[in-house]
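In what follows, a structure is listed as structure tokens, so that the remarks can point back to it.
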Amino acid sequence: MNNIGKIKQALKDKPYAAMLITGQASRLFTGGFNSSAGAFLITQSDAWFFVDPRYFEMAKNKIADAEILLVHKDTTFPKMIGEKLNELGVPSVGFEDGYITYAGYKEWADQFNVTLEPAQSLMTELRAVKTRKDLDGMTRSQRIAEKAFEEILPLISRNITEKELATELVYRMMKNGADDKGFDPIIVSGPRSSLPHGVPTDEKIADGFLTIDFGVKCDGWISDCTRTLCIGQPTDEMVKVYETVLSAQEAGIKAIRGGVSCKDVDTAARDVIENAGYGDYFGHGLGHCIGLEVHEWPRASQLSKDVFPIGAVLTVEPGIYLPGRFGVRIEDTVYITENGCENITKLPKNLMII
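Numbers in our numbering are just positions in the sequence shown, counted from 1, shifted up by 7.
Written as structure tokens, this is what we have:
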């Protein structure tokens, strides 16, 4: 069953009669077609894709299981979709409340003579489960990212700035087949390695830890990986922190399987860091699911009340960050199965010293 079919099937158990899909990643998931604008309207029996002239011809060639409707210059998306809803006579329509502003909601509501029902969970839950074909796409993105990372290793020295290294990394991502970077790379060195989401600067790479968090986008699928290297010889405490983070990641990965509590997976890794005396310095969750967006549902976190579905793809990225001194994060991406998980990240995790 394709994804339009999955959405039709999911609507059978919902209180609303149709689903309006407007988020870019959700549109790509639904029809396999990437565009900066457009909207799907789906009922249990039919599907329509509303699109402007920029994408009309491409959509007709790409989307086989929905009628393609042109939103021409004399009308608007809300007006055309409202007319279709009136034609269908449905009492309510679900919408992606996670992807619409209040102003956008008001615009839809002014044109629709039906009840708008918040329905983000339908798309969130469907998108959380990746098929083996989806996983192949994600693995391809990961391999492109890894190749780019390996190519920048010889460039790392005290004579290159963080920004220059980030630029070289993105260049090699694109050269090796990425459609785009998955997100802005995080490259921080020396004392700045204690910043979990630090931004690369014009400062040259400093002695101490060098954290590189990176990913690519290819055919819509995004990869995410972090490796921490050391410029110069690490101190005993630096080695201890690195080994603690690695042990925490291994404990987290060991705890993962379909149906397990997201909080319990986070706890498995967090306990290792707390027992080593660094609990106060691991301030974020263990990881997030990933796919057509960098951050998807669910997350491994102490705040989560969810369980991991079989087929979810999760980053596992514990870290220890000592303010003003140094930080370490190690991140892999895993595919969750019934009895465990499969790690699609192949880069080595031994502490690399440059």
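Cβ coordinates follow ideal geometry from the N, Cα and C atoms, glycine included. What you are looking at is a predicted structure, and each value in this text was computed from that prediction instead of being measured.
Tell whether a beta-carbon distance below 7 Å holds between residue i and residue j.
i, j, result
"Tyr249", "Tyr288", "no"
"Ile11", "Ala54", "yes"
"Leu27", "Val100", "yes"
"Ile238", "Ile212", "yes"
"Ser268", "Gly292", "no"
"Gly38", "Pro198", "no"
"Gly265", "Ile219", "no"
"Pro85", "Gln118", "yes"
"Lys356", "Ile337", "yes"
"Ala152", "Gly227", "no"
Among all the DSSP beta bridges, which residues are the ones paired with residue i?
i, result
"Ala25", "Thr50 and Val100"
"Phe221", "Cys232"
"Pro125", "Phe102"
"Ala307", "Gly294"
"Ile317", "According to DSSP, Ile317 bridges with nothing at all."
"Asp339", "Val323"
Would residue i be called buried (16 or more neighbouring beta carbons within 10 Å of its own) or exposed?
i, result
"Glu210", "exposed"
"Asp231", "buried"
"Gln149", "buried"
"Met8", "exposed"
"Gln256", "buried"
"Thr29", "buried"
"Lys15", "buried"
"His204", "exposed"
In whole angstroms, what separates the C-alpha of residue i from that of residue j?
i, j, result
"Ser43", "Gly184", "21 Å"
"Glu74", "Val320", "31 Å"
"Asp123", "Lys188", "Rather than Asp, the amino acid found at residue 123 in this sequence is Leu. In a straight line, the C-alpha of Leu123 is about 35 Å away from that of Lys188."
"Phe63", "Ile193", "37 Å"
"Val314", "Asp273", "12 Å"
"Gly215", "Phe156", "19 Å"
"Phe56", "Val279", "49 Å"
"Asp141", "Thr242", "42 Å"
Cutting at 8 Å between CB atoms, please list the residues of its own chain near residue i, excluding the five before and the five after it.
i, result
"Ile260", "Val323, Asp339, Val341, Cys348 and Asn350"
"Val246", "Leu358"
"Thr131", "Gly105, Glu303 and Trp304"
Can you find the residues in the same chain that come closer than 6 Å, C-beta to C-beta, to residue i, ignoring five residues on each side of it along the sequence?
i, result
"Ala283", "Thr251"
"Gly105", "Gln127"
Take residue i and list the residues in its own chain whose beta-carbon comes closer than 7 Å to its own, dropping the five residues that flank it on each side.
i, result
"Phe36", "Asn10, Arg134 and Leu299"
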